[in-house]
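Everything on this sheet refers to the single structure shown next.
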Amino acid sequence: MSSTNLKHYPVAQRNLDQDAWFLYQTSSLAYYECCARLCEDFAHLYDSLITDNDVHGAAALDYWVARYRSHASSIRRGIRFVELGGDYMSLLDLIEAPSTDFRGMIEQPLGWMSDEERSRWDLAIQKVIYACGTAATTLDNNRGKGSLWLQRMNIGADQVYLNRDDSHAGDSTEAIELLNRQGLLPKPSVYPRHTIDQILTTAPGHACPRSGVWVPKQWLDGVKDFSLAFGVHGQPMQPAYRIIGLETDNPFAGFDDEMAEAYEAVAQGSPVTEAMDTTWFFIDPAPISTQGAEDQTYHMRCEAGQRKNSG
C-alpha cells in the first residue's frame with residue numbers, strides 16, 4: 001500500500017513572462033510544424049531500420065511507418081485549420097494522436113534491432129511523444145473544463161475532473177528545460193516582455209473572445225499559486241486553477257519509515273489543483289521584433305534534430 005501526501009508548492013520564483021512565452025511557443029505554427037517534421041523523421045528512421053534488417057512485411061511494422069507519415073500530413077492539415085479559421089480544436093486531436101498511438105506501436109516485435117539502432121529509435125520516438133504531447137497539453141483544458149464549470153453545482157463525482165488541471169499546471173521552468181535539452185525549443189537568455197490587456201477580459205464558462213494566453217486576476221493580485229492558460233476563441237473559458245500542493249505517492253509509507261522519510265525529502269510530486277472563479281485578462285504576445293532571432297534558432301534546431309536522427 002502507498003499513501004498520498006501533499007507537499008508545499010513553492011511560488012516565490014513564478015515568472016509571468018516565462019510561462020506566457022512557453023504557452024505561446026507551444027501553440028505556435030512553427031512548433032506544430034516541428035511536431036510534423038519529427039513524425040516524418042521518425043517514420044523515415046523506422047523505415048530505414050526495417051530495410052537495413054530486411055524485415056519489411058513482418059508483423060505490422062510497415063503499417064506503423066505509414067501511420068507516422070500520415071500523422072505528419074494530418075498535423076499539417078491541422079495547421080491549415082488554425083491558419084485559415086483559428087480552429088485549434090481540430091488540430092488538438094490530430095497533434096495528440098502520435099503520442100497516444102505509441103502504446104499500440106510498442107506492441108510490435110522490436111527485438112530485430114541492434115542496441116545502437118534501438119537507441120536511435122527510442123530517441124526519435126521520445127521526441128515525437130514529448131513534442132506532440134506538450135502541444136496537446138497546452139490546449140487540453142479547452143476540451144470541456146469551461147462547460148463543466150457551468151454545470152459545477154450538479155456534476156457530482158465529475159467534480160474531480162473539473163478540479164484537475166489537464167494543462168501545464170504551475171511553473172514552466174522544468175518543461176522548458178526539457179524541451180531545450182532535447183533540441184525542441186531554444187531557451188532565450190531573457191524572456192520577452194508580455195503586456196497584459198486590462199480591457200480584454202472574460203470569465204470561466206464564457207466564450208473565449210480571443211485565442212491566446214490568459215492570466216487570472218488572482219495572479220495579478222499577487223497570488224502566484226495559479227496557472228496561466230491558453231484559451232481558444234469561441235470555446236467556453238476554463239476556470240482558474242490554484243495549486244493546493246504537490247502529491248507524492250510514497251511506496252515506502254507504512255513499510256519503512258526511514259525510507260519513506262528519505263523519499264519525501266527528494267520527491268518533487270505532481271501538482272494537485274482546485275478550480276476557482278476568476279476574471280481572466282488577456283496577455284498580448286511578445287512583439288515579433290523580440291522573437292525573430294529565437295524563431296530562426298528554433299527552426300534550425302528542429303531541422304538539425306531531424307538530420308541527426310535520420311542518420
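Heads up: the sequence shown is residues 1 to 311, going by full-length UniProt numbering.
Every residue, glycine too, gets a C-beta built ideally from N, C-alpha and C.
Requested in this report: Within the same chain, show all residues whose beta-carbon is closer than 6 Å to that of Lys145, passing over the 5 residues directly before and after it, in chain order.
Outcome: Cβ within range, chain order: Gln238.
Report task. On the DSSP bridge assignment, give the partners of Ala207 in chain order. Result -> Its beta-bridge partners are Pro236.
**Report entry** 7 Å CB neighbourhood of Gln198 in its chain, flanking five on each side removed
**Finding:** Excluding residues within five positions, the ones whose Cβ falls inside 7 Å are Phe281.
Query raised in the report: Measuring CA to CA, which of Ser211, Ala207, Arg242, Gly231 is closest to Val223?
Result: Comparing Cα positions, the closest option is Arg242.
Query raised in the report: Given Asp109, which residues of its chain have a CB within under 6 Å of its CB, disregarding the five upstream and five downstream residues?
Result: Reading the sequence as shown, one finds Pro at residue 109 and not Asp. Around Pro109: Ala59.
Report task. Compare the C-alpha of Ile75 against each of Gly57, Ser99, Asp52, Tyr63 and name the closest. Result -> Checking every option, the nearest Cα to that of Ile75 belongs to Ser99.
Query raised in the report: Can you check whether the CB of Thr278 is closer than 8 Å to the CB of Pro216?
Result: One thing to note: Pro216 has its Cβ within 8 Å of the Cβ of Thr278.
**Report entry** Residues that Phe282 bridges to, as DSSP identifies them
**Finding:** Beta bridge pairing from DSSP links Phe282 with Asp197, Trp214.
Requested in this report: Report buried or exposed for Ser119, applying the criterion of at least 16 other Cβ atoms within 10 angstroms of its Cβ.
Outcome: Ser119 is exposed by the Cβ-count criterion.
Requested in this report: Measure the alpha-carbon distance for Ala265 versus Leu84 and round it to whole angstroms.
Outcome: Interpretation of Ala265 is limited by its pLDDT of 44, a score under 50 that renders its predicted location unreliable; the figure taken from the coordinates is listed afterwards. Pairing Ala265 with Leu84, the inter-Cα distance amounts to about 50 Å.
Query - Nonlocal neighbours in the same chain, by C-beta distance under 6 Å from Tyr46, ignoring five residues either side - result: Closer than 6 Å at the Cβ level, and outside the excluded window around Tyr46, lie Val65.
Report task. Would you check if the distance between the CB atom of Val131 and the CB atom of Leu23 is smaller than 8 Å? Result -> Sequence check: residue 131 is Ala here, not Val. No, they are not a contact pair.
Report task. In angstroms with no decimal places, state the Cα-to-Cα distance between Val232 and Trp219. Result -> Per the coordinates, the alpha-carbon of Val232 lies some 20 Å from the alpha-carbon of Trp219.
Requested in this report: Compute the Euclidean distance between the alpha carbons of Asp284 and Ser70, then round it to the nearest angstrom.
Outcome: Approximately 34 Å, taken between the alpha carbons.
Query raised in the report: How is the alpha helix (DSSP H) around Arg73 delimited, first residue to last?
Result: In the sequence as displayed, the identity of residue 73 is Ser instead of Arg. 61-85 is the span of the alpha helix (DSSP H), which, as asked, contains Ser73.
Requested in this report: Within its chain, find whatever has a CB closer than 8 Å to the CB of Met113; leave out the 5 residues flanking it on each side and keep chain order.
Outcome: Around Met113: Leu49, Asn53, Trp121.
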